[in-house]
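Participant:
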Amino acid sequence: QKEVEQDPGPLSVPEGAIVSLNCTYSNSAFQYFMWYRQYSRKGPELLMYTYSSGNKEDGRFTAQVDKSSKYISLFIRDSQPSDSATYLCAMQPAAGNKLTFGGGTRVLVKP
Amino acid sequence: DAMVIQNPRYQVTQFGKPVTLSCSQTLNHNVMYWYQQKSSQAPKLLFHYYDKDFNNEADTPDNFQSRRPNTSFCFLDIRSPGLGDAAMYLCATVDGLGDTQYFGPGTRLTVL
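Going down the list, the protein sequences come from chains Y and H.
Each residue of the first sequence is one higher than the one before, starting from 66 at the first, in the working numbering.
Each residue of the second sequence is one higher than the one before, starting from 2 at the first, in the working numbering.
See the structure below:
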């Protein structure tokens with residue numbers, strides 16, 4: 066079993082819909098949680114960063130962490146075709162430790 | 002302005018012909034990482050540097066070597082590339098708090 070599980074998709078939604086992404090993990094030591102967006106043939110770009118449990122909002126993006134369930138989510142409101150990309154979750158037990166990535170979910174937002 | 006720069010963006014080599022990929026950063030971060038990412042997979046950590054202190058992942062093949070001559074530059078050498086080494090190679094740096102990795106655009110390696 067992988068330490069971090071993420072549905073590979075693809076997840077196809079119409080423009081304007083809410084995109085809902087999630088990851089589950091098994092290592093209870095993880096404290097720092099990130100979401101990266103990766104466009105085709107480009108490097109990952111950090112979208113959201115959360116420490117421990119709770120919600121964080123940044124524009125159209127909301128990240129949620131539920132440590133009791135070992136479950137993290139990313140929501141994208143009012144999705145745009147430019148949001149079409151692969152979204153990777155990543156986590157680490159402490160700052161400076163190596164990241165453990167999920168496999169990524171490919172998202173396609175159709176105009 | 003680009004903060005983590007990787008060159009070349011695309012590299013084609015022949016089976017068994019050594020290749021070097023480069024990464025430079027303008028952030029003055031002391032931690033640098035090299036990842037290998039194959040199609041539709043998560044990035045896989047190959048090694049990382051804390052300053053000049055080199056850390057190799059246990060499952061990184063001996064075929065892969067790295068050099069960091071100074072804070073700004075880091076190189077990935079693949080001594081004898083095989084077909085299975087075709088992938089995107091990503092360089093990343095970490096800021097002073099150690100909690101945010103900044104990735105470069107990657108070098109896509111093709112092995113013929």
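Built from N, CA and C at the ideal position, the CB exists for glycine as well.
Note that the coordinates shown come from a computational prediction; the quantities given were computed from them, not determined experimentally.
Would you verify that the beta carbon of His-49(H) is, or is not, closer than 8 angstroms to some beta carbon of chain Y?
Facilitator: Cβ-Cβ to chain Y under 8 angstroms: yes for His-49(H).
Participant: Counting only Cβ pairs nearer than 9 angstroms, list the residues of chain H close to Gly-167(Y).
Facilitator: Result: Ala-43.
Participant: Report the partner residues of Tyr-50(H) according to the DSSP bridge assignment.
Facilitator: Met-33(H), Phe-55(H)
Participant: Under a CB-based cut-off of 8 angstroms, is Glu-106(Y) close to chain H?
Facilitator: Sequence inspection shows Arg at residue 106(Y); the Glu mentioned does not correspond to that position. With 8 angstroms as the cut-off, Arg-106(Y) counts as an interface residue toward chain H.
Participant: Which residues does DSSP list as the beta-bridge partners of Asp-78(H)?
Facilitator: Thr-21(H), Gln-66(H)
Participant: Would you say Pro-109(Y) faces chain H, with C-beta separation under 8 angstroms as the test?
Facilitator: yes
Participant: Say whether chain Y places a C-beta atom closer than 8 angstroms to the C-beta of Arg-68(H).
Facilitator: no
Participant: Leu-84(H) to Gln-37(H), Cα distance in whole Å?
Facilitator: 14 angstroms
Participant: Please identify the residue among Lys-175(Y), Val-174(Y), Pro-176(Y), Phe-166(Y) whose C-alpha is closest to the C-alpha of Thr-89(Y).
Facilitator: Phe-166(Y)
Participant: Between the Cα of Lys-45(H) and the Cα atoms of Tyr-51(H), Asp-60(H), Asn-56(H), which residue gives the shortest distance?
Facilitator: Asp-60(H)
Participant: Does the CB of Leu-153(Y) have a neighbour CB from chain H at under 8 angstroms?
Facilitator: Closer than 8 angstroms: yes.
Participant: Against chain H, which members of the region 75 to 95 of chain Y pass a CB distance test of less than 7 angstroms?
Facilitator: Flagged: no residues at all.
Participant: Hey, how far is the Cα of Arg-125(Y) from the Cα of Val-174(Y)?
Facilitator: 14 angstroms
Participant: CA-CA distance, Leu-110(H) and Ser-105(Y)?
Facilitator: 15 angstroms
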